[in-house]
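To keep things clear, I will list the structure first and then write my remarks on it.
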Amino acid sequence: MAETEKMIFPAQLHQTADGGIVVSKLDEMINWARSNSLWPLVFGTSCCAIEMMSAADAKYDWSRFGFEVARATPRQADLIIVAGTIVMKMAPVLKRLYDQMPDPKYVIAMGACTISGGPFFYNTYSVVKGVDHVIPVDVYIPGCPPRPEALLHAMITLQEKIKHETYFGKSKKEEGK
Amino acid sequence: MTNEEIKQSVSALFPAVTYDETGEFLNLLISSGDLRPLIEALRKNAEYDFDFLFCLTCIDWKTHLTMVYHLLSKKHKHAIVIKAKIADTINPEIETVSDLWKTAIFHEREVYDLFGVKFLNHPDLRRLLLDESWEGYPLRKNYVDENMITI
Amino acid sequence: MSLLGAPELTEEGEFVINIGPQHPSTHGVLHLKVWLDGETIKKVQPHLGYIHRSIEKMSESLSYRNFIYVTSRMDYLSAHINNQACALAVEKGLQIEAPPRAQMIRILMAELTRLSSHQLWWGCTGLDLGAVTPFFYAFREREAIMEIMEESCGARLTQNYCVPGGVMYDVHPNFQNRVKDVIKQIKSKFKEYEEILSGNVIFEQRTKGVGYISAADAVSYGCTGPTARGSGVSCDVRKWFPYDGYEKVQFKEILEHGGDCYARYMVRMAEMKQSAYIIEQLIDNIPEGDFQAKTKMVLKLPKGEFYQRVETARGELGVYIVSDGAASPYRIKYRSPNFSNLSALEHMAKGAKIGDLVAIMATIDLVIPDVDR
Numbered sequence: 081m082a083e084t085e086k087m088i089f090p091a092q093l094h095q096t097a098d099g100g101i102v103v104s105k106l107d108e109m110i111n112w113a114r115s116n117s118l119w120p121l122v123f124g125t126s127c128c129a130i131e132m133m134s135a136a137d138a139k140y141d142w143s144r145f146g147f148e149v150a151r152a153t154p155r156q157a158d159l160i161i162v163a164g165t166i167v168m169k170m171a172p173v174l175k176r177l178y179d180q181m182p183d184p185k186y187v188i189a190m191g192a193c194t195i196s197g198g199p200f201f202y203n204t205y206s207v208v209k210g211v212d213h214v215i216p217v218d219v220y221i222p223g224c225p226p227r228p229e230a231l232l233h234a235m236i237t238l239q240e241k242i243k244h245e246t247y248f249g250k251s252k253k254e255e256g257k
Numbered sequence: 002m003t004n005e006e007i008k009q010s011v012s013a014l015f016p017a018v019t020y021d022e023t024g025e026f027l028n029l030l031i032s033s034g035d036l037r038p039l040i041e042a043l044r045k046n047a048e049y050d051f052d053f054l055f056c057l058t059c060i061d062w063k064t065h066l067t068m069v070y071h072l073l074s075k076k077h078k079h080a081i082v083i084k085a086k087i088a089d090t091i092n093p094e095i096e097t098v099s100d101l102w103k104t105a106i107f108h109e110r111e112v113y114d115l116f117g118v119k120f121l122n123h124p125d126l127r128r129l130l131l132d133e134s135w136e137g138y139p140l141r142k143n144y145v146d147e148n149m150i151t152i
Numbered sequence: 003m004s005l006l007g008a009p010e011l012t013e014e015g016e017f018v019i020n021i022g023p024q025h026p027s028t029h030g031v032l033h034l035k036v037w038l039d040g041e042t043i044k045k046v047q048p049h050l051g052y053i054h055r056s057i058e059k060m061s062e063s064l065s066y067r068n069f070i071y072v073t074s075r076m077d078y079l080s081a082h083i084n085n086q087a088c089a090l091a092v093e094k095g096l097q098i099e100a101p102p103r104a105q106m107i108r109i110l111m112a113e114l115t116r117l118s119s120h121q122l123w124w125g126c127t128g129l130d131l132g133a134v135t136p137f138f139y140a141f142r143e144r145e146a147i148m149e150i151m152e153e154s155c156g157a158r159l160t161q162n163y164c165v166p167g168g169v170m171y172d173v174h175p176n177f178q179n180r181v182k183d184v185i186k187q188i189k190s191k192f193k194e195y196e197e198i199l200s201g202n203v204i205f206e207q208r209t210k211g212v213g214y215i216s217a218a219d220a221v222s223y224g225c226t227g228p229t230a231r232g233s234g235v236s237c238d239v240r241k242w243f244p245y246d247g248y249e250k251v252q253f254k255e256i257l258e259h260g261g262d263c264y265a266r267y268m269v270r271m272a273e274m275k276q277s278a279y280i281i282e283q284l285i286d287n288i289p290e291g292d293f294q295a296k297t298k299m300v301l302k303l304p305k306g307e308f309y310q311r312v313e314t315a316r317g318e319l320g321v322y323i324v325s326d327g328a329a330s331p332y333r334i335k336y337r338s339p340n341f342s343n344l345s346a347l348e349h350m351a352k353g354a355k356i357g358d359l360v361a362i363m364a365t366i367d368l369v370i371p372d373v374d375r
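Chains V, Z and B supply the protein sequences, listed in that same order. By our numbering, the letter at position 13 of the first sequence is numbered 93, and the numbering carries on one by one without gaps. By our numbering, the letter at position 34 of the second sequence is numbered 35, and the numbering carries on one by one without gaps. By our numbering, the letter at position 333 of the third sequence is numbered 335, and the numbering carries on one by one without gaps.
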């Protein structure tokens, strides 16, 4: 008789005499593992980096969602949170860092400067007006700077987005989610 | 020394200097070719002893450029401003002061980067804030950039 | 890009490597090209401009009320003090003075900002040198101060509270009680800070004798703030050129004469205590009255030049406004403290090891957007 319990990871537990059998979909298991252990890269150019550090400290604590280890090298990171303005001199550096990250990799654009240039949109000669001119972005967070709770909301949104990916084939979104 | 005393002793040594006392500091106005002897005297003479250069910048007045040096003496606690007028706006040049105050090394590189003023005898004159391949001098009033979105 | 190429070997056998722009210990996007002989540093060349946002050019097209908001983003850890400098420069041009209540509120907020900036510096210094605990302890106190800022000013980091003529709104009715509670809490933690880092034998060995700069060199390089006060140079703008009522406040200018990283560290630790002392003196004596002087809607400064200097957490910030009578400034120059402090880095790091370079950068307390503006 199949007994389903609400489990921490997306699977069904069928009790047998000596333990049980766990039945699940491969996509769901992979997505669960990937979304709950995203390691961000230490990358902050300006003021949003301070709010990112506040999200890492003990009051807002992003490590309870799995973002425990912030890696200094892009080769070991899954997620790059672009916190701060990107200028034309920095754009090739950002592209190189993004290329050095192994797949699957995700990008969060934090703050108004990375969405569209922010307060530095008019009359500046050196600011890239939006980081999506350089690398593809998954989640955008408005704010100048956004609160640490906003960054946590964006990270949870990214986790939701990852949970809709498929390992074999294209990513599809479920209705109503 | 008070402003009056500085005026009198500088006039005795450098008669070409004119003065402007409308602002907060005593301004010494001089042309760019005569800057070097004046500024060396202000740095090295013990009665002036201006050992702290706290602001070095350039202003583009469209017909000419003005280099502005703000000096302070830690010992005597007096402050003045030197303004050197560069008449040539196409190829502006002026002597460096980086051997007198080491802070001028970076400040003059920044002025070269943003205004295009060449500093003669500077130890390492190249662009500081912009990319090496950047063309043009952005803080000049006649700078044109198609990528800039202006209101 | 040719600057960020692979490591090279020069003819003398020195190895040239890049540190940064993306690096956890450069406190921002600073690119250092380092010439190494083994692990000893022969030459350090900073490459700047990776966060050059053309703030000076932008300010030439903004009005005198608007340009203040962009300066919060320069040295964002003392954002309020940057705003105060700009507001004071415009007030100098208009020849008005903020009412006493506004002045007192501005300097109270400035001291709170200085305290929170030094706490973040302390946490990051520990983190750079390998101690992870100070980072969490420092942010605990800093969050308490940011909550006070949020209640009165509306924002945690980039407050934009100062306007020419005073402050934007009056402080929250809870302000005095909350500040008193927070200062009591912070004062009880100073002993904890000293136990964790200052007396730690590893920390002392990594910072004593490292990164020496003499007083004469510090003045020649234009160093100000705790970087210069660690070498015995007296340069506190609050004492030399007081503004906004600082002449009536009792506090000491902290000077140390060691000239090395440890001396700069001790200067900042003592300055935190002085800030707490200033806040305690002033918090019960805020005068009643207006919080903003009456000004016109559109501000126009008369023709001329105005220079205002303030003491941020890192040194002397100068705002130099050149006006030709229009509603926007003709030229603004920000004399930033970090630009000059950074130029002394090569002098301090010659002959040191790479680990010492990290300690030197931590104790100069750089904020790179202030260098590049």
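Here a beta-carbon is modelled for each residue, glycine too, at the ideal position from N, C-alpha and C. It should be emphasised that the depicted structure is a prediction, and the values quoted were computed from it without experimental measurement.
Sequence-distant partners of residue 21 of chain Z (beyond 5 residues in either direction) whose C-beta falls short of 7 Å from its own C-beta, in its chain, are 28 and 30. Contact note: residue 63 of chain B reaches chain Z through 151 and 152, using a C-beta cutoff of 8 Å and chain order. By the CB criterion at 8 Å, residue 349 of chain B and residue 219 of chain B fall inside the cutoff. The residue among B:281, B:54, B:320 and B:15 with its C-alpha nearest the C-alpha of residue 111 of chain B is B:281. Taken atom to atom, the span from the alpha-carbon of residue 192 of chain V to that of residue 217 of chain V is near 14 Å.
Pairing residue 112 of chain Z with residue 58 of chain Z gives a Cβ-Cβ distance under 8 Å. The DSSP-derived three-state label of residue 325 of chain B is strand. Here residue 263 of chain B really is in contact with residue 362 of chain B; their C-beta atoms are around 6 Å apart, less than 8 Å. Taking 8 Å as the Cβ-Cβ cut-off, the region 41-56 of chain B approaches chain V at 51, 52, 53, 54, 55 and 56, given in chain order. The three-state secondary structure of residue 95 of chain B, taken from DSSP, is helix.
Around residue 35 of chain Z, the same chain offers 17 as residues with beta carbons nearer than 6 Å, after the five sequence neighbours per side are excluded.
If you draw a straight line from the Cα of residue 169 of chain B to the Cα of residue 294 of chain B, it comes to about 6 Å. Ranked by Cα distance from residue 133 of chain Z, the options B:51, B:254 and B:201 are led by B:51. Pairing residue 49 of chain Z with residue 74 of chain Z gives a Cβ-Cβ distance under 8 Å. Here DSSP, grouped into helix, strand and coil, assigns residue 280 of chain B to helix.
Excluding its 5 nearest sequence neighbours in each direction, residue 103 of chain V has C-beta neighbours in its own chain below 7 Å: 91, 92 and 94, listed in chain order. Of Z:114, Z:77 and Z:67, the smallest CA-CA separation from residue 3 of chain Z is found for Z:77.
Taking a C-beta cut-off of 7 Å against chain Z, the contacting residues of the region 203-228 of chain B are 221, 222, 223 and 224, listed in chain order.
Distance from residue 303 of chain B to residue 277 of chain B at the Cβ level is roughly 32 Å; contact not present, criterion being Cβ atoms closer than 8 Å. When the beta-carbon positions are compared, residue 190 of chain V and residue 226 of chain V come within less than 8 Å of each other.
Against chain V, the CB of residue 131 of chain Z has a partner CB under 8 Å away; the residue lies at that interface.
Going by DSSP, residue 298 of chain B is part of no beta strand (DSSP E) at all; its letter is neither H nor E. Under DSSP, residue 189 of chain V shares a beta bridge with V:162 and V:220. The beta carbon of residue 169 of chain V sits closer than 8 Å to some beta carbon of chain Z. Cβ neighbours of residue 66 of chain B within its own chain (closer than 6 Å, five residues either side excluded): 92 and 301. The C-beta distance from residue 145 of chain B to residue 241 of chain V rounds to 29 Å, too long to meet the 8 Å contact threshold. If you draw a straight line from the Cα of residue 33 of chain Z to the Cα of residue 198 of chain B, it is about 55 Å long. Taking the beta carbon of residue 126 of chain V as reference, no residue of chain Z falls within 9 Å; the closest one sits roughly 15 Å away. For residue 99 of chain V, the enclosing beta strand (DSSP E) stretches over residues 99-103. Where residue 124 of chain B is concerned, the enclosing alpha helix (DSSP H) starts and stops at 102-130.
For residue 350 of chain B, the uninterrupted alpha helix (DSSP H) run begins and ends at 347-351, by DSSP.
Contact note: residue 146 of chain Z reaches chain V through 205, using a C-beta cutoff of 7 Å and chain order.
For residue 38 of chain Z, no chain V residue has a Cβ inside 8 Å of its Cβ, as the nearest lies near 37 Å away.
Under the Cβ criterion (8 Å, minimum of three pairs), the region 119-126 of chain V counts as touching the region 144-160 of chain V. A check of alpha carbon separations from residue 154 of chain V across V:176, V:196, V:100 and V:130 identifies V:176 as the nearest.
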